[in-house]
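Start counting the sequence shown at 1; every next residue gets the next number (UniProt numbering). Virtual Cβ for every residue (Gly too), placed ideally from N, Cα, C. Here the structure is laid out as structure tokens; the discussion comes afterwards.
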Amino acid sequence: MQQHYRYQKPRWMRDLLRFLPLKSQFVLSGNVRDLQASEISPDIVTPLPFNQALHNALREAGYQHIIVFNPLNGFAPMVPPGDDPTSTQKLLGQLSLNVVEGRVSGGIDLLSSTLERLIELPGEPVVLIVDFASCLINHRDNLSPVEHNLFTRALVLSHQARARPCGEQRQAFFNTVLWVVEKEGDLPDWFLINNPRIRHIPVAKPDRIARRALAPALLRSLSGQSEDATMQEKTAQDFVDETEGLLLLDMNAIAQLARIEEVSQERISDAVRRYKVGITEDPWLKIEKDKIRNAGTIIQKRVKGQTHAVTHMLDIIKRAVTGVGGGKQGGRPRGVVFLAGPTGVGKTELAKTVTQLLFGDESAYIRFDMSEFSAEHADQRLVGAPPGYIGYNVGGELTNAIREKPFSVVLFDEIEKAHPRLMDKFLQIIDDGVLTSGRGDRVYFSEALIIFTSNLGIYRLDNSGERVANVRPEEPFETVQKNVKAEIERHFKLVLNRPELLNRIGENIIVFDFIRPEVAEQIFSQMVENTLEGLTKLDLTITISETALHALRQLCLADLSNGGRGIRNHLEAHLVNPLSRVLFDMDAQPGDSYQITGLLTGESTQLVLTKQESSF
1 MQQHYRYQKP RWMRDLLRFL PLKSQFVLSG NVRDLQASEI SPDIVTPLPF
51 NQALHNALRE AGYQHIIVFN PLNGFAPMVP PGDDPTSTQK LLGQLSLNVV
101 EGRVSGGIDL LSSTLERLIE LPGEPVVLIV DFASCLINHR DNLSPVEHNL
151 FTRALVLSHQ ARARPCGEQR QAFFNTVLWV VEKEGDLPDW FLINNPRIRH
201 IPVAKPDRIA RRALAPALLR SLSGQSEDAT MQEKTAQDFV DETEGLLLLD
251 MNAIAQLARI EEVSQERISD AVRRYKVGIT EDPWLKIEKD KIRNAGTIIQ
301 KRVKGQTHAV THMLDIIKRA VTGVGGGKQG GRPRGVVFLA GPTGVGKTEL
351 AKTVTQLLFG DESAYIRFDM SEFSAEHADQ RLVGAPPGYI GYNVGGELTN
401 AIREKPFSVV LFDEIEKAHP RLMDKFLQII DDGVLTSGRG DRVYFSEALI
451 IFTSNLGIYR LDNSGERVAN VRPEEPFETV QKNVKAEIER HFKLVLNRPE
501 LLNRIGENII VFDFIRPEVA EQIFSQMVEN TLEGLTKLDL TITISETALH
551 ALRQLCLADL SNGGRGIRNH LEAHLVNPLS RVLFDMDAQP GDSYQITGLL
601 TGESTQLVLT KQESSF
């Protein structure tokens, strides 16, 4: 059933019209550079510039003359297109202003001297809109004599102004002054605060009702409009959902972009994506599906023994590629994954492999070591320092990286080490797919795959506060998985007090198993093979005897507590370092061939290396 949305004036406009008979001056601040949804006739809503919407509201209230002042162009009458501006231009003459080609050039001195004459002007009611009023002063806490004189005069006049009855209905009107600023704090506090004759009216960003009222008018100009009312309703709803947090000016620009690039109505989501990330091509659509279908084999060459984790990760990737289950708000990331488990089991390696698989380039992998973000103000490193602080112009490491590479895999490594304050940023990324940088720029994560890794759940604190093992390698994987998830849930709920973040991640917590002995054998064999093959680039041929290989295996697999990373460390200590040492001592030359025939253990491992005679 089609839902009918009735137009409603924005709140700031309703407040202004309500208080016009009661206050002589107003300060309008906030979203004053955006378009406004305006009803130009019954059931026809169109976007209008803020000043035009303000003009229409004032005319509707009964004001006959509207004058706009800005620091660049001075005074000018504001009249609807096609109307005769002569009467308002004559009014400018009554204010002792020299009108040239319908305008009056002026500065802050002329504005100051004109205020008194305008407020006391008899006859039909007048409104003066002081636009870009934030630009009238350099610093509100250190006013120049001219700036101080302007606002002192405005303050006094706000108390001296008197409403008078005008028109056939004898309504009360002031000659009103409207100050239009970006922020309320742009004007001196003593001018605005505790002044009963001046009303501050904040202009909010457009809500869902305003965006929904405007959506049909913007979509009407695009090709591919369906005749089905239900389909039109769905397209409008999608447009509103996709533009959550955007301005009406942005919605209008998206519609213009769609027209230029010939994007049809049913693909409006694609136009929103292009506008947000600034890239026409969608790398997600270019991903070879056959590569994803066969990815299990590819991944398991680099990530050993984690079949459950690989399968779950591939399900999330397939969902990201197809867009299935993306949620109501299309701005959310393509996928969010939480990888948990012991150290050295392949969590980070899986993230790298997935990046290579998706984008064919590991440079699309952005990693943040969260142990570096444990300080209270670490969030400023990610999003940038706020105005007035050191580093404001530099931007944030995360927001800069996503702006440069919106299509990427973002890895937050060891998330439990981050300051709890950062959890709110992560919640914003997962929930809305957007972060606002310290400079005020909106950065979108809608095309990113977000991966968190953590060692949570491997250890826990006992009743005495001692750190004890929560899971053990000898336990079956089902027990490991259950206990790790339970400890993660406890940590988010009781320690971080962020259960909502865990809820957003949902079932995408993937628990990795310990490196079991049979998997450790595979990892060891692959590492040895890669190490010896790497020497062929130096034109050296190194082989290893079964006896030496068995001894090396015993040394490298004696302790699996650090997983694959521990195996690599042992391999470096017992193979790579001693091999480098002996090759150097023997002055090995390109083309030489050697066999490792034995290992001698002691303070440091020594290799027994035998040179092989060339068969040529």
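Next on the checklist: Please return the same chain residues whose Cβ sits closer than 8 angstroms to the Cβ of residue 519, not counting the five positions on each side in sequence.
Outcome noted: The residue given as residue 519 occupies position 519 in the sequence shown. 304, 305, listed in sequence order.
Item to check | Opening and closing residue of the alpha helix (DSSP H) in which residue 554 lies | outcome: Numbered from its first residue, the sequence shown carries residue 554 at position 554. That run of the alpha helix (DSSP H) goes 546–556.
Checklist entry - From this set, 612, 253, 28, which residue's C-alpha is nearest residue 132's C-alpha? => result In the sequence shown, counting from the first residue as 1, residue 132 sits at position 132. Comparing Cα-Cα distances from residue 132 to each of 612, 253, 28, the minimum goes to 28.
Next on the checklist: Helix, strand or coil, according to DSSP, for residue 88 in the structure here?
Outcome noted: One-based indexing of the sequence shown puts residue 88 at position 88. Three-state result, residue 88: helix.
Checklist entry - Under a Cβ-count criterion, where at least 16 other Cβ atoms within 10 Å of its own Cβ denotes burial, should residue 12 be classed as buried or exposed? => result On the sequence shown, position 12 is the one that residue 12 refers to. Residue 12 should be labelled buried.
Item to check | Cross-strand partners of residue 598 (DSSP beta bridge) | outcome: The count along the sequence shown starts at 1 and reaches residue 598 at position 598. Residue 598 pairs with 608.
Checklist entry - Starting from residue 365 and walking both ways along the beta strand (DSSP E), at which residues does that stretch end? => result The residue you call residue 365 lines up with position 365 of the sequence shown. Run containing residue 365: 365–369, per the beta strand (DSSP E) assignment.
Next on the checklist: Between residue 469 and residue 402, how many whole angstroms is the CB-CB distance? I'm expecting something under 8 angstroms.
Outcome noted: Taking the first residue of the sequence shown as position 1, residue 469 is located at position 469. Taking the first residue of the sequence shown as position 1, residue 402 is located at position 402. Actually they are not in contact, since the Cβ atoms of residue 469 and residue 402 sit about 38 angstroms apart, beyond 8 angstroms.
Next on the checklist: To test your reading of the DSSP string, which unbroken alpha helix (DSSP H) runs of 4 or more residues are found completely within the stretch 372–433?
Outcome noted: 379–383, 397–404, 423–432
Item to check | Every unbroken alpha helix (DSSP H) inside the stretch 288–314 [4 residues or more] | outcome: 289–293, 295–302
Checklist entry - Using 8 angstroms as the Cβ pair cut-off and three pairs as the minimum, do the stretch 56–71 and the stretch 121–129 touch? => result yes
Checklist entry - At which residues does the alpha helix (DSSP H) containing residue 268 begin and terminate? => result Numbered from 1 along the sequence shown, position 268 holds the residue referred to as residue 268. Here the alpha helix (DSSP H) through residue 268 covers 268–277.
Item to check | DSSP state of residue 1 mapped onto helix, strand, coil | outcome: Within the sequence shown, the letter at position 1 stands for residue 1. The predicted model places residue 1 with a pLDDT of 37, which falls under 50 and marks its position as unreliable, so this point remains unresolved.
Checklist entry - Using a Cβ-Cβ cut-off of 8 angstroms (strictly less than) and excluding sequence neighbours within five positions of residue 602, which residues of its own chain qualify? => result For the purposes of this step, residue 602 is identified with residue 602 of the sequence shown, where counting begins at 1. Within the same chain, residue 602 has no close Cβ partners at all.
Checklist entry - Quick one: what's got a C-beta closer than 8 angstroms to residue 192's C-beta in the same chain, skipping five residues either side? => result As a first step, residue 192 must be located in the sequence shown, where it is residue number 192. Here the set comprises 27, 184, 198, 200.
Next on the checklist: Suppose the cutoff is 6 angstroms on Cβ atoms and the five residues either side in sequence are ignored; what does the same chain contact list for residue 541 look like?
Outcome noted: Within the sequence shown, residue 541 is the residue found at index 541, counting from 1. Contacts found: 593.
Next on the checklist: To the nearest angstrom, how far is the alpha carbon of residue 204 from that of residue 250?
Outcome noted: Within the sequence shown, the letter at position 204 stands for residue 204. Within the sequence shown, the letter at position 250 stands for residue 250. Straight-line Cα distance between these residues: approximately 15 angstroms.
Item to check | Close-in-space but distant-in-sequence residues of the same chain around residue 108 (CB under 8 angstroms, 5 per side omitted) | outcome: For this step, residue 108 is matched to residue 108 along the sequence shown. Excluding positions up to five away in sequence, the list reads 71, 136, 146, 147, 150.
Next on the checklist: Assuming residue 66 is part of the beta strand (DSSP E), what are its boundary residues?
Outcome noted: Locating residue 66 in the sequence shown gives position 66, counting from the first residue. Element bounds for residue 66: 65–70.
Checklist entry - Could you give the distance in angstroms between the alpha-carbon of residue 189 and the alpha-carbon of residue 179? => result By 1-based counting over the sequence shown, the position of residue 189 is 189. By 1-based counting over the sequence shown, the position of residue 179 is 179. Their backbone Cα atoms lie some 14 angstroms apart in a straight line.
Item to check | Residue burial classification, residue 265 (beta-carbon count within 10 angstroms, cutoff 16) | outcome: Stepping through the sequence shown from its first residue, residue 265 is reached at position 265. Residue 265 comes out buried.
Checklist entry - Can you give the beta carbon distance from residue 115 to residue 154, rounded, assuming they're within the 8 angstroms contact cut? => result Residue 115 sits at position 115 when you count from the first residue of the sequence shown. Residue 154 sits at position 154 when you count from the first residue of the sequence shown. The pair is a contact, with the Cβ atoms about 6 angstroms apart (cut-off 8 angstroms).
Checklist entry - Sorted by chain position, which residues of the same chain lie with C-beta nearer than 7 angstroms to residue 347's C-beta, five sequence neighbours on each side aside? => result Working through the sequence shown from its first residue, we reach residue 347 at position 347. Cβ within range, chain order: 339, 341, 453, 512.
Checklist entry - Is residue 454 helix, strand or coil when you go by DSSP? => result As a position in the sequence shown, residue 454 is number 454, starting the count at 1. Reduced to three states, the DSSP call for residue 454 is strand.
Item to check | Exposure of residue 584, with buried meaning 16 or more beta-carbon neighbours within 10 Å | outcome: On the sequence shown, position 584 is the one that residue 584 refers to. The residue in question, residue 584, is exposed, as its Cβ has fewer than 16 Cβ neighbours within 10 Å.
Checklist entry - How should residue 117 be labelled, buried or exposed, when 16 other C-beta atoms within 10 angstroms of its C-beta is the threshold for buried? => result Residue numbering aside, residue 117 sits at position 117 when the sequence shown is read from its first letter. Answer is exposed; the Cβ neighbour count stays below 16.
Item to check | Residue span of the alpha helix (DSSP H) that contains residue 671, given as start and end | outcome: Examination of residue 671 is not possible in this model, given that the chain is present from 1 through 616 alone.
Checklist entry - Can you list, in chain order, the residues of its chain whose CB lies under 8 angstroms from that of residue 361, leaving out five sequence neighbours each side? => result Taking the first residue of the sequence shown as position 1, residue 361 is located at position 361. Within the same chain, residue 361 has close Cβ partners 355.
Next on the checklist: Using only CA atoms, which one of 580, 320, 501 lies nearest to residue 535?
Outcome noted: For the purposes of this step, residue 535 is identified with residue 535 of the sequence shown, where counting begins at 1. Of the candidates 580, 320, 501, the one whose C-alpha sits nearest the C-alpha of residue 535 is 580.
Next on the checklist: Just verifying my parser: in three-state terms, what is the DSSP assignment at residue 221?
Outcome noted: Numbered from 1 along the sequence shown, position 221 holds the residue referred to as residue 221. The answer is coil: DSSP assigns residue 221 none of H, G, I, E or B.
Item to check | Alpha carbon of residue 134 to alpha carbon of residue 25, nearest angstrom | outcome: Residue 134 sits at position 134 when you count from the first residue of the sequence shown. Residue 25 sits at position 25 when you count from the first residue of the sequence shown. Approximately 16 angstroms, taken between the alpha carbons.
Item to check | C-alpha gap between residue 297 and residue 412, whole angstroms | outcome: Taking the sequence shown and counting its residues from 1, the one referred to as residue 297 is at position 297. Taking the sequence shown and counting its residues from 1, the one referred to as residue 412 is at position 412. Spanning the two alpha carbons is a distance of roughly 26 angstroms.
Item to check | Closest residue to residue 503 among 252, 256, 426 (Cα-Cα distance) | outcome: Position 503 of the sequence shown holds residue 503. Taking only the C-alpha atoms, the option nearest residue 503 is 426.
Checklist entry - Can you tell me where the alpha helix (DSSP H) with residue 568 in it begins and where it stops? => result The residue labelled residue 568 in the question sits at position 568 within the sequence shown. Its alpha helix (DSSP H) spans residues 563–571.
Checklist entry - Near residue 556, what residues of its chain come up, given a Cβ to Cβ distance below 7 angstroms and the 5 sequence neighbours on each side ignored? => result Stepping through the sequence shown from its first residue, residue 556 is reached at position 556. So the qualifying residues of the chain are 524, 567, 570, 571, 574.
Checklist entry - Once you ignore the five residues that flank residue 366 on each side, which residues in its own chain have a CB closer than 6 angstroms to its CB? => result One-based indexing of the sequence shown puts residue 366 at position 366. Excluding positions up to five away in sequence, the list reads 401, 408, 410.
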